[in-house]
Amino acid sequence: METNKNAETEVDLSGIKHRIMVMSGKGGVGKSTIAVNLAYGLALAGKKVGLLDADLHGPSVAKMTGSEGARASGNAEGKSLPVRLHDNFLALSIAYLIENADSALIWRGPLKMSALKDMIQNTEWGELDYLIIDCPPGTGDEPLSVVQLLGRVDGAVVVSSAQDVALLDVRKNLDFAKKLGVPVLGLIENMSWIACPHCGEKVELFGGEGIAKALMDYDVDLLAKLPFDSNITSSCDGGRPFIYEFGKTPSAQILQDFVQGVITKTEG
Numbered sequence: 038m039e040t041n042k043n044a045e046t047e048v049d050l051s052g053i054k055h056r057i058m059v060m061s062g063k064g065g066v067g068k069s070t071i072a073v074n075l076a077y078g079l080a081l082a083g084k085k086v087g088l089l090d091a092d093l094h095g096p097s098v099a100k101m102t103g104s105e106g107a108r109a110s111g112n113a114e115g116k117s118l119p120v121r122l123h124d125n126f127l128a129l130s131i132a133y134l135i136e137n138a139d140s141a142l143i144w145r146g147p148l149k150m151s152a153l154k155d156m157i158q159n160t161e162w163g164e165l166d167y168l169i170i171d172c173p174p175g176t177g178d179e180p181l182s183v184v185q186l187l188g189r190v191d192g193a194v195v196v197s198s199a200q201d202v203a204l205l206d207v208r209k210n211l212d213f214a215k216k217l218g219v220p221v222l223g224l225i226e227n228m229s230w231i232a233c234p235h236c237g238e239k240v241e242l243f244g245g246e247g248i249a250k251a252l253m254d255y256d257v258d259l260l261a262k263l264p265f266d267s268n269i270t271s272s273c274d275g276g277r278p279f280i281y282e283f284g285k286t287p288s289a290q291i292l293q294d295f296v297q298g299v300i301t302k303t304e305g
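Taking the numbering used here, the leading residue of the sequence shown gets 38, the next gets one more, and so forth.
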């Protein structure tokens, strides 16, 4: 796309090796949970990681990383400086740029485009192995702006539950990526099953063959099937990385394998 080429020449993002979007068709399927744990998992693997919360109307990265109340600062060149969560882990969210976390951003497209441009192109990301972008649900202004402003996107991770109503919109995500030339690294099936508290047997929460059909129709891989795990919810609400805090659990092992899969797909 011509817009991609233009965006690439406007700012030097060459210090960012791999740029990965995390997308979903609908809200409530765990997209931000996956984005945050992917970023933490990459950081735990020794990678230099940036996490951009591109969900301007419903930012959750600050809450999930325990950095509520943090503020992004600026440098002498007028660029924003992300919040440093760890030595090799930076994050930026609109929540770091507004005074009142309860304030609604009643913005139309041009204002949202301007904010994302500042967060991507007017931010001193420095040298990163990975920039993970947590996009809002759907295929509207924000995901399109992210693709255009980054100039090059190395892959998208699409998150869904197995509900048919969620899969209707996931297929639109896959079509969006195809039309914009964004490689799809694969799909995450979240809240796929629950372990019976009595016998430990897996109980599928949703029926149907929608996931398998979408994978076949769009020729993409299934990166992971995550169970419904209350510890994931509690760790996110508490601002602690599940992939680390519960690192020895089966659910965390699935996430760790997913992170390694992303590394393999992006780094060969």
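The beta carbon of each residue, even a glycine, is placed where N, CA and C say it ideally should be. This structure is a prediction, so every number in the text was calculated from the model and none was measured.
Let me confirm a value: residue i is counted as buried when at least 16 other C-beta atoms fall within 10 Å, else exposed. Which label applies?
i: Leu129; result: buried
i: Arg56; result: buried
i: Leu259; result: exposed
i: Lys68; result: buried
i: Thr176; result: buried
i: Glu226; result: buried
i: Asn210; result: buried
i: Asn137; result: exposed
i: Ala141; result: exposed
i: Lys239; result: exposed
i: Asn74; result: buried
i: Leu50; result: buried
i: Val194; result: buried
i: Ile96; result: The identity of residue 96 in the sequence shown is Pro, whereas the question assumes Ile. Looking at its Cβ environment, which holds 16 or more other Cβ atoms inside 10 Å, Pro96 is buried.
i: Cys236; result: exposed
Whole-angstrom Cβ separation of residue i and residue j, contact assumed at under 8 Å?
i: Thr303; j: Gly192; result: 6 Å
i: Gly62; j: Ser197; result: 6 Å
i: Leu186; j: Trp144; result: 16 Å between Cβ atoms; not a contact.
i: Ile135; j: Ala152; result: Not a contact, Cβ separation roughly 10 Å.
i: Val219; j: Val184; result: 6 Å
Three-state secondary structure (DSSP) at residue i?
i: Asp143; result: Checking the sequence shown, residue 143 turns out to be Ile, not Asp. Ile143 falls in the coil class under three-state DSSP.
i: Asp275; result: This sequence places Gly at residue 275; Asp is not what is there. If DSSP states are grouped into helix, strand and coil, Gly275 belongs with coil.
i: Ser51; result: coil
i: Thr176; result: coil
i: Asp92; result: coil
i: Val202; result: helix
i: Asp294; result: helix
i: Gly192; result: strand
i: Thr286; result: coil
i: Val59; result: strand
i: Gly305; result: coil
i: Val66; result: coil
i: Ser97; result: coil
i: Gly87; result: strand
Output needed for residue i: all residues of its chain with C-beta closer than 6 Å, excluding positions within five of it in sequence on either side, in chain order.
i: Glu105; result: Ala99
i: Ala107; result: Val120 and Tyr133
i: Thr168; result: A quick correction: the sequence has Leu, not Thr, at residue 168. Taken in chain order, the residues that qualify are Ile53, Arg56 and Gly87.
i: Phe265; result: Met228 and Ile231
i: Asp166; result: Lys54, Lys84 and Lys85
i: Asn307; result: The question about residue 307 has no answer here: the residues shown for the chain are numbered 38 through 305.
i: Phe126; result: Ala80 and Val86
i: Phe213; result: Thr176
i: Phe295; result: Leu260 and Ala261
Short of 7 Å in beta carbon distance, which residues of its chain neighbour residue i, apart from the five on each side in sequence? Order them along the chain.
i: Asn159; result: Lys116 and Ser117
i: Ile291; result: Ala261 and Leu263
i: Arg208; result: Ala251
Near residue i, what residues of its chain come up, given a Cβ to Cβ distance below 8 Å and the 5 sequence neighbours on each side ignored?
i: Arg277; result: Gly103
i: Met150; result: Asp178 and Ser182
i: Pro180; result: Met58, Met60, Ala91, Cys172, Pro173 and Phe213
Compare the C-beta of residue i with all C-beta atoms of chain C and state if any pair is closer than 8 Å.
i: Ile169; result: As a matter of chain content, chain C is missing from the structure shown, which is built from one protein chain.
Query - beta strand (DSSP E) runs contained entirely in the region 101-141, provided each spans 3 or more residues - result: 120-123 and 126-130
Requested in this report: Can you check the region 204-281 for any alpha helix (DSSP H) of at least 4 residues that lies completely inside it and give the ranges in chain order?
Outcome: 247-255 and 267-274
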